[in-house]
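Just so we're aligned, residue 1 is where the sequence shown starts under full-length UniProt numbering, counting upward by one.
Cβ coordinates follow ideal geometry from the N, Cα and C atoms, glycine included.
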Amino acid sequence: MIFKAVRDGRPYPEHGLTLKQWAEIPPRPLRLDQLITTKRELALDKLLAEDSTFYGDLFPHVVQWSGGLYLEDGLHRALRAALQQRNQIHARVLLLPAP
Numbered sequence: 001m002i003f004k005a006v007r008d009g010r011p012y013p014e015h016g017l018t019l020k021q022w023a024e025i026p027p028r029p030l031r032l033d034q035l036i037t038t039k040r041e042l043a044l045d046k047l048l049a050e051d052s053t054f055y056g057d058l059f060p061h062v063v064q065w066s067g068g069l070y071l072e073d074g075l076h077r078a079l080r081a082a083l084q085q086r087n088q089i090h091a092r093v094l095l096l097p098a099p
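Right under this line is the structure:
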């Protein structure tokens, strides 16, 4: 299995971070098998596009909440890493306090 789990939606509360605020979080390495996705579907054309991060952040966005690491943005990059036989990615991780 590539990811720890696959979900449809975010279980954590809205955090309201802007792209600029995400960019201030330094990326760190994470194992793919620790991540829980928040999207069940992906677009194959985005997965195969060479410029898929042209308009976005180079690093995926992960929310750490209630003991889980939720892949909020960057599913295509994470899957591409797995297809390239890599078991980890560098991602920006936001720590949200549990309720």
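Restricting to Cα atoms, I'd like to know which of P99, K20 and R77 is closest to L30. Start at 1 with the first residue of the sequence shown, and residue 30 comes out as number 30. Comparing Cα positions, the closest option is R77.
Could you check the C-alpha separation between Q34 and E72 for me, to the nearest Å? Locating residue 34 in the sequence shown gives position 34, where the first residue counts as 1. Locating residue 72 in the sequence shown gives position 72, where the first residue counts as 1. If you take the alpha carbons of Q34 and E72, they lie about 13 Å apart.
Relative to the alpha-carbon of W22, which residue among A98, L94 and P99 has its alpha-carbon at the smallest distance? Taking the first residue of the sequence shown as 1, we reach residue 22 at position 22. Ranking A98, L94 and P99 by Cα distance to W22 puts L94 first.
Inter-residue spacing [alpha-carbon to alpha-carbon] between H90 and P26: Stepping through the sequence shown from its first residue, residue 90 is reached at position 90. Stepping through the sequence shown from its first residue, residue 26 is reached at position 26. Rounded to whole angstroms, H90 to P26 spans 9 Å at the Cα level.
So, L42 versus L75, is the Cβ gap smaller than 8 Å? What you label residue 42 is simply residue 42 of the sequence shown in a count that begins at 1. What you label residue 75 is simply residue 75 of the sequence shown in a count that begins at 1. Their beta carbons are under 8 Å apart, which means L42 touches L75 by this criterion.
In its own chain, which residues sit with a C-beta less than 8 Å from the C-beta of I36, not counting the 5 before and 5 after it? In the sequence shown, residue 36 corresponds to position 36, counting from 1. Excluding sequence neighbours, I36 sits near F3, K4, A5, V6, R7, G68, L69, Y70 and L71.
Starting from the C-beta of R40, find all residues in its chain whose C-beta is less than 7 Å away, skip the five residues before and the five after it, and write them out in chain order. Here residue 40 refers to the residue found at position 40 when the sequence shown is read from its first residue. Hits under 7 Å: V6 and D8.
Find out if the Cβ-Cβ distance for the pair L19, A81 is shorter than 8 Å. The residue given as residue 19 occupies position 19 in the sequence shown. The residue given as residue 81 occupies position 81 in the sequence shown. Their beta carbons are not under 8 Å apart, which means L19 does not touch A81 by this criterion.
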